[in-house]
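Residue numbers (the numbering used here): 5 to 131.
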């Protein structure tokens, strides 16, 4: 894999319940509404189960995801392709935390920050 090793961890406050955050992250129908700039395959389950694999596209760059862990307040994805690494999500009442590590040519911290801001805005308009 070409690129450099990058790691980023961001935690933000969100005016939303833990259940609303859970649904926004684990339900692909909602995930597609706020995770901007990525195209998803049409065949997605109602909720992401452990072991499920899918590929998203950010422009010409494909990122393969494998759902490794799903818990009431946690999601861990193994990534390959445009990012070789992992992405962890944790959340609770009024907060969400994202941890991303991997080798990539993409600016991971910038994409992670934009995703969290987009999630916050999405939840502010749906609550």
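Heads up, the beta-carbon is just placed ideally off N, CA and C, and yes, glycines get one too.
Residues near residue i in its chain [Cβ-Cβ closer than 6 Å; skip 5 each side]
| i | result |
| --- | --- |
| residue 87 | 67, 106, 108 |
| residue 32 | 48 |
| residue 101 | 15, 94 |
| residue 104 | 12, 91, 112, 116 |
| residue 43 | 61 |
| residue 135 | Residue 135 falls outside the range modelled here, since the chain spans only 5 to 131, and no answer is possible. |
| residue 7 | 107, 108, 109 |
| residue 36 | 44 |
Where the alpha helix (DSSP H) through residue i begins and ends
| i | result |
| --- | --- |
| residue 26 | 22-30 |
For residue i, the first and last residue of its enclosing beta strand (DSSP E)
| i | result |
| --- | --- |
| residue 43 | Where residue 43 is concerned, there is no enclosing beta strand (DSSP E), given that its DSSP letter is neither H nor E. |
| residue 14 | 8-17 |
Backbone secondary structure at residue i - three-state DSSP
| i | result |
| --- | --- |
| residue 62 | strand |
| residue 56 | coil |
| residue 81 | strand |
Per-residue burial, residue i [other beta carbons within 10 Å of its own, 16 or more giving buried]
| i | result |
| --- | --- |
| residue 60 | buried |
| residue 20 | buried |
| residue 81 | buried |
| residue 120 | buried |
| residue 89 | buried |
| residue 9 | exposed |
Sequence-distant residues of its chain with Cβ nearer than 7 Å to residue i (five each side left out)
| i | result |
| --- | --- |
| residue 55 | 71 |
| residue 97 | 21, 22 |
| residue 51 | 30, 31 |
Item to complete: Ignoring anything shorter than 3 residues or poking outside the region 91-115, list the beta strand (DSSP E) runs there in chain order.
Response: 99-108
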